[in-house]
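A short write-up of the structure that comes next.
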């Protein structure tokens, strides 16, 4: 039944209507195991199952990277990125997982892959904000990972200014002290230059 497109389409429609049905969840998992994960991106409840979501996400990212090599301004790239955005922007947890994955892939590969991953992360952030999701706090939390280790008082000062929408002399002093007077890495400076602020 999972081999025929007609049956898979019916299962996807039923899954959208009855997202809590365990039998349909299992059927979608079997379809994903059979290698049809590119079709599953339309099923919103697939984002609730990590193994299925991971397969769909990796397939979508791979497609975007292939199209990125051909050019970012092509219709094929826009279509592939639109599909990725639909998969990623379903909820905040899918966004955080994707950004962490893009960060890990980009830092391990470097070069063009790093640039493509950063561009995808920025575009996904803009897409999430367009869907009324707050991403500044999420990106700040991701910056507190062991790899980057941005100082917590530094990020708190930046978040205070962003949330209020105005400069505060105390927060500016903290940022100045961290970037100029302390012996921190360039991570803090790069972080403050991010377009989220």
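In the working numbering, the protein residues as written are 499 to 695. Glycine included, C-beta positions come from ideal geometry on N, C-alpha and C.
With a minimum length of 3 residues, there is no unbroken run of beta strand (DSSP E) contained wholly in the stretch 517 to 588. Around the CB of residue 601, 16 or more other CB atoms lie within 10 Å, so the residue is classed as buried.
Secondary structure at residue 634: helix, using DSSP grouped into helix, strand and coil.
Residue range 590 to 607 is occupied by the alpha helix (DSSP H) that includes residue 596.
In its chain, beyond the 5 residues on either side, 666 and 669 have a beta carbon closer than 8 Å to the beta carbon of residue 658. Rounded to the nearest angstrom, the gap between the Cα atoms of residue 637 and residue 626 is 12 Å.
About 7 Å separates the beta carbon of residue 579 from that of residue 621, a gap short enough to meet the 8 Å contact definition.
Here residue 665 carries a coil assignment [DSSP, helix/strand/coil].
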